[in-house]
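Quick note, in the working numbering, the sequence shown goes up one by one and the last residue is 138. Where a beta carbon is used, it is the ideal one built from N, C-alpha and C, also for glycine. All of these numbers come straight from a predicted model, not from anything done at the bench. Here the structure is laid out as structure tokens; the discussion comes afterwards.
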Amino acid sequence: MKIDFEFDDEINKGLNHVIDRFMEKGYTLHEGRVRVVLIDPSKRMVIKIPLNMEGEIDNGREASHWKTNLKGDNFIPVAACRLSEVMGYNLLIMQYIEEIPINELPEWAGYVDCSQVGKNRAGKFKAYDL
């Protein structure tokens, strides 16, 4: 599978190679507007790969938001995540969150882009995309 990233040809080739390696290991791929998301077969984690600088910014924002969650400073709990640099770009490794029907979400989910909130393995509500 070939994804068109908004980076130079060398980076496009490298990031597509990374995606191919994960796909060989059984990861499923979902392409969004600013990021590609790979879901691991055991549904324990996802990897968010930026398609462009906006995706790069989103990865940094979600990682930063999660760090402030650890201090108890955020109204919106975010799934556990961390940045991992590959070829100079920040990939986001995030805890897998199971989608929940919208009528079962907490009230604060309305403050999250498209109410992208679900439950982690411990049954806690977490936002998985800001």
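- Under a 10 Å Cβ-count criterion, M102 is classified as buried, with 16 or more other Cβ atoms of the shown protein chains found around its own Cβ.
- In this structure, the CA atom of I84 is about 8 Å from the CA atom of N77.
- Positions of the beta strand (DSSP E) runs, each at least 3 residues long and wholly inside the stretch 20-53, are given as 36-39 and 43-47 in order along the chain.
- The Cβ atoms of Y136 and I110 lie no closer than 7 Å to each other.
- With respect to the 7 Å criterion, A87 and K134 are classified as neighbours on the basis of their beta carbons.
- In the DSSP annotation of this structure, I65 is not part of any beta strand (DSSP E); the continuous alpha helix (DSSP H) holding it starts and ends at M61 to L78.
- Boundaries of the beta strand (DSSP E) harbouring E93: C89 to V94, taken from the DSSP string.
- Following the DSSP letters along the chain, one finds N98 inside the beta strand (DSSP E) bounded by residues Y97 to Q103.
- Annotation for F133: the continuous beta strand (DSSP E) segment containing it runs F133 to A135.
- Beta-bridge pairing by DSSP links I55 to L46 and I101.
- In chain order, V45, I47, M102 and Y104 place their CB closer than 6 Å to the CB of V54, counting only its own chain and leaving out the 5 sequence neighbours on each side.
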